Every structure is written in C-alpha cells, then in structure tokens.
Amino acid sequence: MLYAIGFVLIGFISMELAGWFIHKFIMHGPLWPIHQSHHKPSKGPFELNDIFSIFFGTTAVVLMILGYEQLDYRFWIGTGITVYGFSYFVFHDIIIHRRLKLIARPEHGVLRGIIRAHQAHHSDNKKKGVAAYGLFFVPFKFFKGGLK
Ligand SMILES: [Zn+2]
Ligand SMILES: [Zn+2]
Numbered sequence: 125m126l127y128a129i130g131f132v133l134i135g136f137i138s139m140e141l142a143g144w145f146i147h148k149f150i151m152h153g154p155l156w157p158i159h160q161s162h163h164k165p166s167k168g169p170f171e172l173n174d175i176f177s178i179f180f181g182t183t184a185v186v187l188m189i190l191g192y193e194q195l196d197y198r199f200w201i202g203t204g205i206t207v208y209g210f211s212y213f214v215f216h217d218i219i220i221h222r223r224l225k226l227i228a229r230p231e232h233g234v235l236r237g238i239i240r241a242h243q244a245h246h247s248d249n250k251k252k253g254v255a256a257y258g259l260f261f262v263p264f265k266f267f268k269g270g271l272k
C-alpha cells in the first residue's frame with residue numbers, strides 16, 4: 125500500500141517538476157508555435173496547445189499498461205501522472221481559465237495564490253521572461269499580502 129502511494133506521489137511530483145522544465149524550456153522555446161495558442165484569446169473549445177495533454181496522457185496510459193500485470197511501480201507512476209493531469213485540468217482549465225464554467229474562482233486561501241501566479245504567467249503572454257512556469261509549486265511571493 126505504501127509502495128503504491130509512494131510511486132503515485134513520485135508520479136505526481138515528477139510531473140510538476142518535469143512540467144515546469146518542459147513549459148519553460150520547450151513550450152516557451154522551440155515549441156512556442158504550438159504553446160502560443162494558449163497565450164492568445166481562444167477561438168473555440170480547443171486550442172493547439174491541447175496536443176501536450178494528449179502527449180502526457182499517452183505517457184501515463186503506456187506506463188499503466190506496462191505495469192498492469194505485475195501492478196508494479198510503472199502502474200503507480202502512471203496513476204500519479206493521471207492524478208496530476210486530472211488536477212491540472214480542474215485547476216488550470218476549469219478554475220483558472222474557466223473553459224468549462226463549473227466552479228467560480230476562489231477569492232482566498234492557497235488556491236488564490238496559485239491562481240495569482242498563473243495569471244502572472246499570462247500577464248504579458250510573451251515567449252520569454254514570463255513568471256511562474258509551474259502550476260502548483262509557485263514562488264512564495266504570490267501567497268504574500270492578501271490571502272484573504
Ligand atoms: Zn506558458
Ligand atoms: Zn494557462
């Protein structure tokens with residue numbers, strides 16, 4: 125049980141770390157022509173940037189299939205990536221960008237800091253020099269001065 129939880133956590137945390145790296149150096153680097161679609165006003169329910177979700181989702185599914193029979197670390201890491209992807213979708217796509225208008229944006233608490241950080245990332249929608257590439261682990265300054 126602890127084995128499973130440990131690897132689910134590893135999967136989740138690696139996605140935030142790898143996601144930070146990929147977002148900063150690849151999506152705001154060579155793959156900017158794709159990611160740029162997320163930094164422009166959207167023209168419909170989907171954006172070209174959604175390709176990245178398909179890529180991460182596929183990675184998770186492949187790991188889960190590989191580890192399915194022995195129920196080994198690959199299955200649990202794939203589960204962690206899936207949990208991350210789901211949380212990312214709820215926070216980033218539903219709560220922050222309101223692609224589905226299901227939940228109102230929280231006005232206080234830790235979530236407010238996370239939202240503020242992602243809004244700073246979008247504040248000038250440029251390729252270089254923007255803030256806060258991670259989603260959940262963001263610089264502490266975004267939590268200061270007004271969590272209420
Ligand atoms: Zn970005
Ligand atoms: Zn965004």
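Residue numbers (the numbering used here): 125 to 272.
Virtual Cβ for every residue (Gly too), placed ideally from N, Cα, C.
Remember, predicted model here, so these are calculated numbers, not experimental data.
8 Å contact criterion, which glycine 191 and glycine 202 should meet: CB distance rounded:
In the sequence shown, counting from the first residue as 1, residue 191 sits at position 67. In the sequence shown, counting from the first residue as 1, residue 202 sits at position 78. Taking 8 Å as the upper bound for CB-CB distance, glycine 191 and glycine 202 are in contact here, some 7 Å apart.
Helix, strand or coil for aspartate 174 per DSSP?
Against the sequence shown, residue 174 aligns to sequence position 50. Aspartate 174 falls in the helix class under three-state DSSP.
Counting C-beta neighbours from all protein chains within 10 Å, is the total for isoleucine 227 16 or more, i.e. buried, or is it exposed?
For the purposes of this step, residue 227 is identified with residue 103 of the sequence shown, where counting begins at 1. Exposed is the call here.
Helix or strand or just coil, what does DSSP make of aspartate 248?
Translated into the one-based positions of the sequence shown, residue 248 becomes position 124. Residue state, collapsed to three classes: coil.
Note down the Cα distance separating glycine 102 from isoleucine 129, rounded to an integer number of angstroms.
Since the first residue of the chain shown is 125 and the last is 272, residue 102 is not available in this structure.
Which residue comes first and which comes last in the alpha helix (DSSP H) that contains leucine 283?
With the chain running from 125 to 272 in the structure shown, residue 283 is simply not present.
Nearest residue (CA-CA) to threonine 206, options Pro157, Ile137, Ile238:
For this step, residue 206 is matched to residue 82 along the sequence shown. It is Ile137.
Assuming the contact rule is C-beta atoms closer than 8 Å, histidine 246 and histidine 163 should be a hit. Round their C-beta distance to whole Å, please.
Numbered from 1 along the sequence shown, position 122 holds the residue referred to as residue 246. Numbered from 1 along the sequence shown, position 39 holds the residue referred to as residue 163. That pair is a contact at about 7 Å.
Below 8 Å on the Cβ atoms is my contact criterion, and I expect histidine 216 with leucine 259 to pass it. Report the Cβ-Cβ distance as a whole number of Å.
To locate residue 216, count along the sequence shown from 1; it is residue 92. To locate residue 259, count along the sequence shown from 1; it is residue 135. About 6 Å; that satisfies the 8 Å criterion.
Please determine, among Arg198, Ile134, Lys252, Phe261, the residue with the shortest C-alpha to C-alpha distance to isoleucine 239.
Here the question's residue 239 lines up with position 115 in the sequence shown. The shortest Cα separation from isoleucine 239 among Arg198, Ile134, Lys252, Phe261 belongs to Phe261.
Just the Cα atoms here: how many angstroms apart are alanine 241 and tyrosine 257?
Residue 241 sits at position 117 when you count from the first residue of the sequence shown. Residue 257 sits at position 133 when you count from the first residue of the sequence shown. Roughly 9 Å between the two C-alpha positions.
Is it buried or exposed for isoleucine 146, if we count other Cβ within 10 angstroms and need 16 for buried?
The residue given as residue 146 occupies position 22 in the sequence shown. Result: buried.
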